[in-house]
Amino acid sequence: MDAKLAIAKSLARATGLPEAELAGYIEIPPDSALGDYAFPCFRLAKALRKAPPAIAAELKEKLSLPEGVERAEVAGGYLNFFADKANLAGKTISRALAEGDAYGGADIGQGKNVCVEFSSINIAKPFHIGHLPTTAIGNALNRIYRALGYNTVAINHLGDWGTQFGKMIVAYKLWGESKPIEESTVRELVRLYVRFHEEAEKDKSLNDEARKWFRKIEEGDPEAVDLWQRFKDLTLREVGEVYELLGVRFDSYAGESFYEDKMQAIIDELDQKGLLVTDQGAKIVDLSEWNMPPCIIVKSDGATLYATRDLAAARYRKKTYDFVKSLYVVAYQQNLHFRQFFKVLELLGDAWVKDCEHVNFGMVSMEEGTLSTRHGNVVYLEDVLKASIEKTLDIIKEKSPDLENKEEAARAVGVGAIVWGVLYNSRIKDTSFSWAKVLNFDGETGPYAQYTHARCCSVLRKAGGYDQKGVDYALLKEESAEALVKAIAQLPDTVKTAAEKNEPYLVARSVIDVSAAFNKFYYECRILEDDPKVRRARLALTDAARQTIRNGLYLLGLEAPERM
RNA sequence: GUUCCCGUAGCUCAGCAGGAUAGAGCGUUCGCCUCCUAAGCGAAAGGCCGCGCGUUCGAAUCGCGCCGGGAACGCCA
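Going by the numbering used here, the first residue of the first sequence is number 1, and it counts up by one from there.
Take a look at the structure:
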């Protein structure tokens with residue numbers, strides 16, 4: 001992008017207008033035949049009282065060509081610039097190869113902390129496909145921020161508190177005790193939970209019993225706490241396997257139970273600052289001035305709520321991590337909740353609430369019916385991943401019967417296909433789960449990008465190495481090679497924008513651009529050419545493409561196998 | 001009812017700090033493996049960019065009003 005700045009600089013000299021303003025006007029033409037950069041002269045028409053084409057022609061005369069630009073041409077009201085291809089190719093390829101796995105990243109976040117809350121599963125509940133968006137998006141953002149130099153804190157805000165644990169204990173004691181919890185599975189716990197609800201329909205006393213047991217957990221009764229802890233351990237052990245498959249790691253599992261003793265302070269402070277109002281027995285913060293329903297802090301029975309816990313958690317995170325940004329990767333159903341709780345923080349005088357952001361996303365629905373734990377209409381994430389891995393393995397057996405580590409490649413590609421499905425569209429779109437869609441590996445998919453990467457690796461392997469020094473980039477003169485160079489050059493900017501907007505799909509689109517450009521280049525230009533100079537230049541380009549795809553995939557949480 | 005989000009090709013979606021002929025994948029039809037992985041490449045067909053008004057030299061993109069779909073709206077999270 002230095003070329004863009006150079007153009008702005010010479011335009012500034014020619015017009016006398018501020019460089020920054022002009023740089024903002026410069027755009028990329030829709031067709032590369034028109035040029036590599038364009039300056040729309042309509043912008044200046046009013047101020048200069050001249051027709052745009054005349055301005056363009058005049059500018060072209062006055063302008064001294066900036067470095068990296070070969071020529072300028074007038075096209076209607078536009079002044080188009082053509083980059084020096086060899087220069088662009090050389091800069092782009094050598095940068096990608098020199099930076100290696102770091103290409104695409106930056107150091108703009110040095111010494112700054114970012115909190116990313118995501119996944120946030122419930123203990124003793126299914127880890128189902130509804131949890132996929134938050135897990136995949138959060139993981140990708142975590143990696144993107146890290147690549148930009150930030151220290152990130154990946155937080156799994158566990159749902160590990162509440163009367164449902166009283167219910168679990170009752171159900172376990174009544175129907176599950178024949179088997180130690182450690183030898184059980186979350187699915188069995190879920191069955192017990194479902195059964196509890198069925199039986200409680202008939203026998204209301206079960207609910208009282210459940211409340212009693214939850215009270216015991218709260219009071220620290222050894223038996224109750226022990227059972228609760230074992231449910232938690234079992235769940236974390238099981239989901240750990242899924243996280244392992246997904247390449248997801250957390251720095252903190254501080255969830256609801258963690259904040260139990262940290263809420264009173266904030267309740268007291270709200271009270272002292274006169275923000276707390278008692279209404280219908282509950283303690284609330286009135287937000288009608290901001291056209292929002294009140295934020296309930298304490299229920300009429302004295303219990304705290306989600307918002308209370310989130311207030312305490314936000315405070316704790318600011319104090320502990322001193323973040324410059326704190327993200328909540330949570331579905332858009334909770335838009336109002338976040339607006340309310342951010343507003344309450346603001347009213348408390350926590351100016352840093354401006355750094356908190358609700359990174360919302362659309363909902364996952366089933367083709368038929370809705371997801372519901374209680375009714376057993378659940379698709380476990382693990383099952384989806386396993387099915388995808390299995391299908392991938394079948395494909396590999398058919399297409400690459402000689403491949404050595406088939407299982408390993410199948411895992412990377414099978415999981416990649418699923419994760420990709422979530423990350424290649426903007427967050428806000430709702431999605432409906434369909435096996436056919438999720439198991440489609442053609443076109444703009446994770447497997448396509450991974451396949452392209454494996455293709456690059458294959459060519460480089462066959463070449464048996466090449467000398468990176470003294471490559472003549474002017475030999476990359478084919479249109480498909482130029483297009484590939486441009487796609488590769490785009491990644492660093494894309495990663496920054498993806499972080500600004502908290503939109504991983506931008507990275508996914510960039511990976512597709514590089515992949516598609518490479519496949520076209522691969523088809524049109526034989527890389528392992530006889531001419532040693534051409535061969536070397538094409539190998540360098542292939543290597544840069546390989547690195548770019550690999551890095552992009554990593555940022556999205558996907559692996560890049562070398563063979564598949 | 002109120003507030004917020006979404007509406008672009010048969011389907012799923014890009015494009016929306018306004019710009020040059022509206023793009024891609026899937027699906028459909030048809031081509032391309034005696035050369036580097038065909039999970040690939042190419043071609044064809046397919047669009048009043050939900051509708052209307054406005055702002056502008058210029059609107060899929062900004063504003064207002066409709067229509068259609070979704071979500072949330074006091075003691076769940």
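Glycine included, C-beta positions come from ideal geometry on N, C-alpha and C. For clarity, every value in this text was computed on a predicted model and none was experimentally measured.
Burial state of residue i (16 or more Cβ within 10 Å)
i: T135; result: buried
i: I181; result: buried
i: L336; result: exposed
i: T278; result: exposed
i: M1; result: Residue placement at M1 cannot be trusted, given a pLDDT of 49 that sits under 50; what the coordinates show is reported in the next sentence. So M1 counts as exposed.
i: L385; result: buried
i: L553; result: buried
i: A312; result: buried
i: I428; result: exposed
i: Y523; result: exposed
i: Y306; result: exposed
i: Q340; result: buried
i: P30; result: exposed
i: K167; result: buried
i: R215; result: exposed
i: D513; result: buried
i: G369; result: Residue placement at G369 is poorly supported in this model, since its pLDDT is 47, which falls under 50; the coordinates still yield a value, given next. G369 is exposed by the Cβ-count criterion.
i: D310; result: buried
Cross-strand partners of residue i (DSSP beta bridge)
i: H358; result: Y328
i: R13; result: According to DSSP, which records beta bridges pairwise, R13 is partnered with nothing at all.
i: A72; result: F81
i: G159; result: N122
i: A154; result: V116
i: S32; result: According to DSSP, S32 bridges with nothing at all.
i: S252; result: I155
i: E27; result: A38
i: T304; result: V298
First through last residue of the beta strand (DSSP E) which encompasses residue i
i: K283; result: 282–285
i: E117; result: 113–117
i: P40; result: 37–40
i: V364; result: 364–366
i: T278; result: 276–279
i: I169; result: First-last for I169: 164–171, but that is the alpha helix (DSSP H), not the beta strand (DSSP E).
i: V298; result: 295–298
Residue range of the alpha helix (DSSP H) that includes residue i
i: P52; result: 52–62
i: S515; result: 505–524
i: V422; result: 406–423
i: S388; result: 381–399
i: I488; result: 479–501
i: F433; result: No alpha helix (DSSP H) holds F433; the beta strand (DSSP E) holding it covers 431–433.
i: I137; result: 132–147
i: W228; result: 222–246
i: A200; result: 186–202
i: T452; result: 446–463
i: W213; result: 205–219
i: L270; result: 264–272
i: Q340; result: 335–347
i: L555; result: 532–556
Check whether residue i and residue j have beta carbons under 8 Å apart
i: S365; j: S426; result: no
i: K4; j: Y37; result: yes
i: E444; j: K85; result: no
i: V507; j: L558; result: no
i: A463; j: L528; result: yes
i: L484; j: S510; result: no
i: L48; j: A14; result: no
i: L189; j: F127; result: no
i: K399; j: D355; result: no
i: G16; j: Y473; result: no
i: Y466; j: L539; result: yes
i: G92; j: I549; result: Rather than Gly, the amino acid found at residue 92 in this sequence is Thr. It is not a contact, given that the beta carbons lie outside the stated cut-off.
i: L141; j: N502; result: yes
i: P567; j: I7; result: One cannot answer for residue 567 here, as it falls past the ends of the chain, which runs 1 to 564.
May I ask you to verify whether the region 93–113 touches the region 147–161, counting CB pairs closer than 8 Å and requiring at least 3? yes
Does the structure place the region 529–536 close enough to the region 416–423 that three or more beta carbon pairs sit under 8 Å? no
Do three or more CB pairs link the region 150–170 to the region 119–135 at distances below 8 Å? yes
If contact is defined by three or more beta carbon pairs under 8 Å, each pair taking one atom from either stretch, is the region 173–193 in contact with the region 266–282? no
Is there contact between the region 449–465 and the region 543–552, where contact requires at least three CB pairs shorter than 8 Å? yes
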